[in-house]
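See structure below.
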Amino acid sequence: MTTADTAALTPVRTPSRDTANAERPTSRFAGLRMIDRRITTIAFWALLVIGFGLRIMLTFTSAYTIDSDNAVVFLLAKHISEGDITWFFWGQTYGGTMLELLAGGAMVVFGPHVQVLSFVGVAFFAGATLLVRQIAISAFKDPVVGNVAGILFWFSGYWTARVGFSEPGFYGPSLMLGLLTIWLVLRGPARKTYLQWALIGLFTGLALWQSPMGIAMAAPAVVVLMVRHRSWRHYLVGAAAGIIGALPWLLLLTSGLTAIKRQTGGELVVRSFVTYFTRLVPAAFSVENQVERFIFAFVCLLLLALLVVLTVRRRSLWLGTLLVSTVLVVIVIVVGVNILLLGDSLRYSVFVLPALTISLAYLFTRIPFVSLLAMAWAVTFSFVQTATMFPTLHFTAEPTYTVGDIPGLGAYLEAHDITAAYGDYWLAYSLTAETNEQVTVATISLPRRYAPYEAAAEAAPVATLILFQDSENDKAVQASTTLPPSTRTIVDGYAMYTFAQPFDAYSYPWMLSTGIWHP
2 MTTADTAALT PVRTPSRDTA NAERPTSRFA GLRMIDRRIT TIAFWALLVI GFGLRIMLTF
62 TSAYTIDSDN AVVFLLAKHI SEGDITWFFW GQTYGGTMLE LLAGGAMVVF GPHVQVLSFV
122 GVAFFAGATL LVRQIAISAF KDPVVGNVAG ILFWFSGYWT ARVGFSEPGF YGPSLMLGLL
182 TIWLVLRGPA RKTYLQWALI GLFTGLALWQ SPMGIAMAAP AVVVLMVRHR SWRHYLVGAA
242 AGIIGALPWL LLLTSGLTAI KRQTGGELVV RSFVTYFTRL VPAAFSVENQ VERFIFAFVC
302 LLLLALLVVL TVRRRSLWLG TLLVSTVLVV IVIVVGVNIL LLGDSLRYSV FVLPALTISL
362 AYLFTRIPFV SLLAMAWAVT FSFVQTATMF PTLHFTAEPT YTVGDIPGLG AYLEAHDITA
422 AYGDYWLAYS LTAETNEQVT VATISLPRRY APYEAAAEAA PVATLILFQD SENDKAVQAS
482 TTLPPSTRTI VDGYAMYTFA QPFDAYSYPW MLSTGIWHP
């Protein structure tokens, strides 16, 4: 019997109706997932570009508000562009100036404009967004989860976007370097080349230089790397590169322990571990009602708990490392800041967003095309929150200051030939930046930022002190019997005092004013 005869006698098995019906949904589901993946990928890249452009556009609108912290960042970058290099945020022993160094370099070409600083700040958060996407893709082996996580992070509302385009100093670089370290450690094989160890060490060192939050994000990944790849030669390469990256911080550490000192003294404010989720993070999403805040906090903790479950079930180093980094960074923030964390500290929320958005993206992508609704929801929320906060949003050539008519005050001082003064913290550096340092104002309270401004105020022919009208400091001056005689003038809601020199502004107790302004 030939092979052909045998084949002819062999019965052909046709799939049963049940088998066919069982295979068809699986095939259909796979097809839907493929379409979902393509659409969400296109949407991700389109929204990334749109979000970048919108952030830059906002810097030309009334939504671009500046306070003294933001103004210090601009002044730092401006000084760097003029050759005055500094490695830390003025007046601090932490807070590296990577952002200001890059922005200062850009200002050499484009001039000292706040929009140049905003562009660099937004670029750091765009880099963080790409890393959130890549970490999510690697953790779940699913581009859809990564695309959704990236957009949920990128479009997480006005306040988190504002941290990028009106950067308080070192938040974007710290977050990006932490996520970059996680990605470099876990991608590819466990055993890394010498070049990879050098890069990981360098970025870890840079994270340490930038802030305690940066190293908190990066450190768990470094521990994973050292456990998975035990090689003293590679350790030495990584350590050498880390020393180079962290060199400014290490040099400061050798001069004293101020580099690891907490911001404020006293006992640890343990309650901040609660308010971080019940007050701080909800504020970033405009959740103010007490009941809603607690519900919001509960949801955040559930999302973190979901990551714990997924880490165990999937045995995922990606999720486990990110989760430990998130927990560690919250601990570092609470211990380091050592004040009760409330809504005015919402900038710290950016460090938990990667974990929260990845967990949320996983839930949204369990059903095809719900992912698109999630992305649309994130974009809509960001637009609605911005529009609600700025109902008369409009384009303007000048930035808006959080403490009143700073441009008007600056014009008044310039018209009266006042080039140096003392002032409340929350107006001092805003005024200095607004006048492009034609008028420099040294803060009278802690934190004292820049000594040359203090020297200029001390050397002025007449000592000038500018306070918020009816603020704590203004009332203290009016009631004081120890201050020398002065003349008080009200200018557009600010109280301006003039004293005969010499006037030792720092021999009196001043409060960090809350920035009350009376138009």
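Counting along the sequence shown from 1, when you hit position 402 you're at 403 in my numbering, and nothing is skipped either side. Every residue gets a Cβ at the ideal spot worked out from N, C-alpha and C, and that includes glycine. This one's a predicted model, so the numbers in the text were calculated from it and none came from an experiment.
Are the segment 96–107 and the segment 72–83 touching by the rule of at least three beta carbon pairs closer than 8 angstroms?
yes
Which whole-angstrom value describes the C-beta separation of Leu203 and Ile136, a residue pair presumed to lie in contact below a C-beta threshold of 8 angstroms?
Translated into positions along the sequence shown, residue 203 becomes position 202. Translated into positions along the sequence shown, residue 136 becomes position 135. No, Leu203 and Ile136 are not in contact; Cβ-Cβ is about 20 angstroms, not under 8 angstroms.
Through-space distance from Ile51 to Pro113, alpha-carbon basis:
Numbered from 1 along the sequence shown, position 112 holds the residue referred to as residue 113. Numbered from 1 along the sequence shown, position 50 holds the residue referred to as residue 51. Looking at the two C-alpha atoms, the distance is approximately 25 angstroms.
Measure from the alpha carbon of Ser63 to the alpha carbon of each residue in Gly494, Ala388 and Ala422, then state which is nearest.
Within the sequence shown, residue 63 is the residue found at index 62, counting from 1. Checked all of Gly494, Ala388 and Ala422; the closest Cα to Ser63 is Ala388.
For Pro408, which residues of its own chain have a beta-carbon under 7 angstroms away from its beta-carbon, when the five flanking residues on both sides are left out?
On the sequence shown, residue 408 is found 407 positions in, with the first residue counted as 1. So the list reads Glu399 and Glu435, once near-sequence residues are dropped.
Using DSSP bridges, identify the partner residues of Ile67.
On the sequence shown, residue 67 is found 66 positions in, with the first residue counted as 1. DSSP lists Tyr402 as partners of Ile67.
Is the beta carbon of Tyr363 closer than 8 angstroms to that of Val146?
As a position in the sequence shown, residue 146 is number 145, starting the count at 1. As a position in the sequence shown, residue 363 is number 362, starting the count at 1. Yes, Cβ-Cβ distance for Val146 and Tyr363 is below 8 angstroms.
Within its chain, find whatever has a CB closer than 7 angstroms to the CB of Pro213; leave out the 5 residues flanking it on each side and keep chain order.
Here the question's residue 213 lines up with position 212 in the sequence shown. Closer than 7 angstroms at the Cβ level, and outside the excluded window around Pro213, lie Tyr95, Val333 and Gly337.
For Gly239, list the residues DSSP reports as bridge partners.
Your numbering for residue 239 matches position 238 in the sequence shown. Answer by DSSP bridge pairing: none, since Gly239 is not bridged.
How far does the beta strand (DSSP E) with Tyr423 in it extend, from its first residue to its last?
Within the sequence shown, numbered from 1, the residue matching residue 423 stands at position 422. Taken as a continuous stretch (DSSP letters only), the beta strand (DSSP E) holding Tyr423 covers Ala421 to Gly424.
Is the beta carbon of Val354 sitting closer than 8 angstroms to the one on Thr499?
Against the sequence shown, residue 354 aligns to sequence position 353. Against the sequence shown, residue 499 aligns to sequence position 498. Per the sequence shown, the amino acid found at residue 354 is Leu instead of Val. Contact: no.
Any 3 or more C-beta pairs closer than 8 angstroms across the segment 409–417 and the segment 444–463:
no
Give the secondary structure of Leu357 by DSSP, where H, G and I count as helix, E and B as strand, and everything else as coil.
Translated into positions along the sequence shown, residue 357 becomes position 356. Leu357: helix per DSSP, three-state reduction.
Contacting residues, own chain, Cβ-Cβ under 6 angstroms from Gly424 (five flanking each side not counted):
As a working note, residue 424 is residue 423 in the sequence shown. Cβ neighbours of Gly424 beyond the five flanking positions: Val442 and Ile467.
Excluding five sequence neighbours on each side, which residues of the same chain lie with their C-beta closer than 6 angstroms to the C-beta of Gly243?
The residue labelled residue 243 in the question sits at position 242 within the sequence shown. Excluding residues within five positions, the ones whose Cβ falls inside 6 angstroms are Gly202, Thr205 and Gly206.
Among residues of its own chain, excluding the 5 on either side of Ile419, which ones have a beta-carbon nearer than 6 angstroms to its beta-carbon?
Numbered from 1 along the sequence shown, position 418 holds the residue referred to as residue 419. Answer for Ile419: Thr465, listed in chain order.
Do Tyr277 and Leu342 have their C-beta atoms within less than 8 angstroms of each other?
The sequence position of residue 277 within the sequence shown is 276, counting from 1. The sequence position of residue 342 within the sequence shown is 341, counting from 1. Against a cut-off of 8 angstroms, the Cβ pair of Leu342 and Tyr277 comes out as a contact.
Rounded to the nearest angstrom, what separates Ala375 and Arg234 at their Cα positions?
Counting from one through the sequence shown, the residue named residue 375 turns up at place 374. Counting from one through the sequence shown, the residue named residue 234 turns up at place 233. Whole-angstrom Cα-Cα distance: 47 angstroms.
Is the CB-CB distance between Leu187 and Leu55 below 8 angstroms?
Position 186 of the sequence shown holds residue 187. Position 54 of the sequence shown holds residue 55. No; because the gap between Cβ atoms is not below 8 angstroms, this pair is not in contact.
By alpha-carbon positions, which one of Val463, Thr130, Val73 and Tyr159 ends up nearest to Ser287?
Locating residue 287 in the sequence shown gives position 286, counting from the first residue. Closest option to Ser287, Cα to Cα, is Tyr159.
Check whether the Cβ atoms of Leu1 and Gly122 lie closer than 8 angstroms to each other.
Since the displayed the chain opens at 2 and closes at 520, residue 1 lies outside it and no answer follows.
Phe154: which of Gly32, Trp378, Arg192 and Val371 sits nearest, CA to CA?
By one-based count along the sequence shown, residue 154 stands at place 153. If we check each option's Cα against that of Phe154, Trp378 comes out closest.
Could you tell me the distance, in whole angstroms, from the CA atom of Ala208 to the CA atom of Val440?
For the purposes of this step, residue 208 is taken as residue 207 along the sequence shown, with counting starting at 1. For the purposes of this step, residue 440 is taken as residue 439 along the sequence shown, with counting starting at 1. The alpha-carbon atoms of Ala208 and Val440 are separated by roughly 35 angstroms.
State buried or exposed for Lys142, treating a residue as buried only when at least 16 other CB atoms are found within 10 Å of its CB.
Position 141 of the sequence shown, counted from the first residue, corresponds to residue 142. Lys142 is exposed by the Cβ-count criterion.
Comparing alpha-carbon positions, which option in Asp475, Leu77, Thr366 and Ala501 lies nearest Gly494?
Along the sequence shown, read from residue 1 onward, the residue named residue 494 stands at position 493. Of the candidates Asp475, Leu77, Thr366 and Ala501, the one whose C-alpha sits nearest the C-alpha of Gly494 is Asp475.
Spatially closest choice to Val271 from Phe61, Phe75 and Asn339, by CA coordinates
Here the question's residue 271 lines up with position 270 in the sequence shown. Ranking Phe61, Phe75 and Asn339 by Cα distance to Val271 puts Asn339 first.
Does the count of Cβ pairs from the segment 224–234 and the segment 58–72 closer than 8 angstroms reach three?
no
Please report the straight-line C-alpha distance between Trp88 and Ile138, rounded to a whole angstrom.
Translated into positions along the sequence shown, residue 88 becomes position 87. Translated into positions along the sequence shown, residue 138 becomes position 137. The alpha-carbon atoms of Trp88 and Ile138 are separated by roughly 35 angstroms.
Would DSSP call Ile368 helix, strand or coil?
On the sequence shown, position 367 is the one that residue 368 refers to. If DSSP states are grouped into helix, strand and coil, Ile368 belongs with coil.
Would you check if the distance between the CB atom of Ala150 and the CB atom of Ile359 is smaller than 8 angstroms?
Numbered from 1 along the sequence shown, position 149 holds the residue referred to as residue 150. Numbered from 1 along the sequence shown, position 358 holds the residue referred to as residue 359. Their beta carbons are under 8 angstroms apart, which means Ala150 touches Ile359 by this criterion.
Extract the residue ranges of the alpha helix (DSSP H) inside the segment 408–457, only unbroken runs of 4 or more that lie entirely within it.
426–435
According to DSSP, what are the bridge partners of Leu468?
Within the sequence shown, the letter at position 467 stands for residue 468. Beta-bridge pairing links Leu468 to Ala496.
Ser487 (DSSP reduced to helix, strand or coil)
Start at 1 with the first residue of the sequence shown, and residue 487 comes out as number 486. Strand at Ser487.
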